[in-house]
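These notes concern the structure reproduced below.
Number of protein chains: 2
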Amino acid sequence: MTFRLDAFLPYRLSVAAAQVSRRFAALYEAEAGLTIPEWRVLAHLDHSGAVSIRDIHARVNLDKSVVSRAASRLQGAGLVRKSGNDADRRLIVLELTPQGQALMLRLGRIAEAFQADLLAELGPDAAALDRLLSRLAGKETGAA
Amino acid sequence: MTFRLDAFLPYRLSVAAAQVSRRFAALYEAEAGLTIPEWRVLAHLDHSGAVSIRDIHARVNLDKSVVSRAASRLQGAGLVRKSGNDADRRLIVLELTPQGQALMLRLGRIAEAFQADLLAELGPDAAALDRLLSRLAGKETGAA
DNA sequence: GCAAGATCATTGCAGTTGCAACGATTATGC
DNA sequence: GCATAATCGTTGCAACTGCAATGATCTTGC
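Line by line, the protein sequences give chains A and B. Mapped onto numbering that gives the first Met the number 0, the consecutive letters of the first sequence carry residue numbers 0 to 143. Mapped onto numbering that gives the first Met the number 0, the consecutive letters of the second sequence carry residue numbers 0 to 143.
Here it is, written out as structure tokens:
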């Protein structure tokens, strides 16, 4: 028998994730002109409060350099403030500006609505997906 | 309440898919030095037989240009043969060479083993995931 | 039969990514 | 206390991506 790519789980997972991300990315691109890394940094800051680049890099599955450049762009747009950490001067303190917070309020609502639609689309198996994603997330820290 | 990125489905899906893809990509990178697009083209050709770039582009969720360049590299490596279609000379006929077939035999076994491991990791919810991915795949053809 | 439009693969190009330096700062071993 | 190693954020660089031409070929309307 020949190999069937369209029955291969990693491939199907990747395609599905890309499609969902693409659909949602179109929303915040239209709303605020954000790229995916910018959205992730902003969204993480909304919940985490003041935090370093290293922190975001570790939690949000983006390379240090990507976080660094996204943060710079967000700073340029007035959505994020960068300051120095006095206790450890290697670190940078990132936090949302009032404009950043206001934007995340709007984007958060859009995200919730999108997720609700998605869950409706997924139907009764959504709970199983939730469990699966938690299990996968726990597996690989990528720290190797 | 602030927005919680790590409870947001599109984000979690994207991270999980990236991690799974990364793990598997390391395997075929080690085995044959393939990139993700090259793997996809090769794997699709294994099951589809002779087919055009346009066909792969439509089925495998890769841009035309990405498929074109991946096919050229695979041709250079002697894994794929490119020939002209006599009925429609705009089209290119891609097919695996014997070396390509031999490689896919090995990679197919590696892929099956990887998927088996993954399914074991996922446990009893794997069936639900299968249904979900089919549903998502059916939704968006991206033809808009 | 032929002109206008559609389709196909390729290529150019700007933007992004991932990785490996790099300078600056802090932690560790002795 | 001080040299060595580790960590942090940034930047350079090559590779890749996605999009928009481009040239070649086919299809459609008439």
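Glycine included, every Cβ here is placed at the ideal spot set by N, Cα and C. Computed from a prediction, not measured in an experiment: that's the story for all the values here.
Rounded to the nearest angstrom, how far is the Cβ of residue i from that of residue j, given a contact under 8 Å?
i: T1/B; j: H46/A; result: 5 Å
i: L128/A; j: L128/B; result: 6 Å
i: A110/B; j: F7/A; result: 6 Å
For residue i and residue j, I'd like the C-alpha separation in whole angstroms.
i: Q114/B; j: A31/A; result: 39 Å
i: W38/B; j: R68/B; result: 13 Å
i: A49/B; j: V92/B; result: 6 Å
i: F116/B; j: V66/B; result: Correcting the residue type first, residue 116/B is Asp in the shown sequence and not Phe. Each residue's alpha carbon lies about 29 Å from the other.
i: R80/B; j: A15/A; result: 30 Å
i: V19/A; j: P9/B; result: 6 Å
i: A126/A; j: S13/A; result: 20 Å
i: T96/A; j: G77/A; result: 7 Å
i: G99/B; j: G75/B; result: 12 Å
i: M103/B; j: E28/B; result: 13 Å
i: P123/A; j: L135/B; result: 14 Å
i: L4/B; j: E94/B; result: 43 Å
i: H56/A; j: P36/A; result: 10 Å
i: A17/B; j: R58/A; result: 14 Å
i: A86/B; j: A101/B; result: 29 Å
i: R130/A; j: R21/A; result: 23 Å
i: R108/B; j: L118/B; result: 15 Å
i: R11/A; j: L106/B; result: 17 Å
i: S71/B; j: A70/A; result: 37 Å
i: S82/A; j: S82/B; result: 59 Å
i: T140/A; j: R88/A; result: Model confidence at T140/A stands at a pLDDT of 43, short of 50, so the residue's coordinates are unreliable and nothing is read from them.
Of the choices the options, whose alpha-carbon is the least far from that of residue i?
i: E120/A; options: S133/B, K63/B, A126/B; result: S133/B
i: N84/B; options: P123/B, I52/B, A25/B, L118/B; result: I52/B
i: S64/B; options: V40/B, A86/B, D87/B, S82/B; result: V40/B
i: L26/A; options: F7/A, R89/A, A112/A, S82/A; result: A112/A
i: L73/A; options: T34/A, N60/A, F7/A, F23/A; result: T34/A
i: L90/B; options: R11/B, D54/B, R21/B; result: D54/B
Check your understanding: Could you give the uninterrupted runs of the alpha helix (DSSP H) lying entirely in the segment 60 to 128 of chain B, keeping only those of 4 residues or more?
Key -> 63 to 75, 97 to 121
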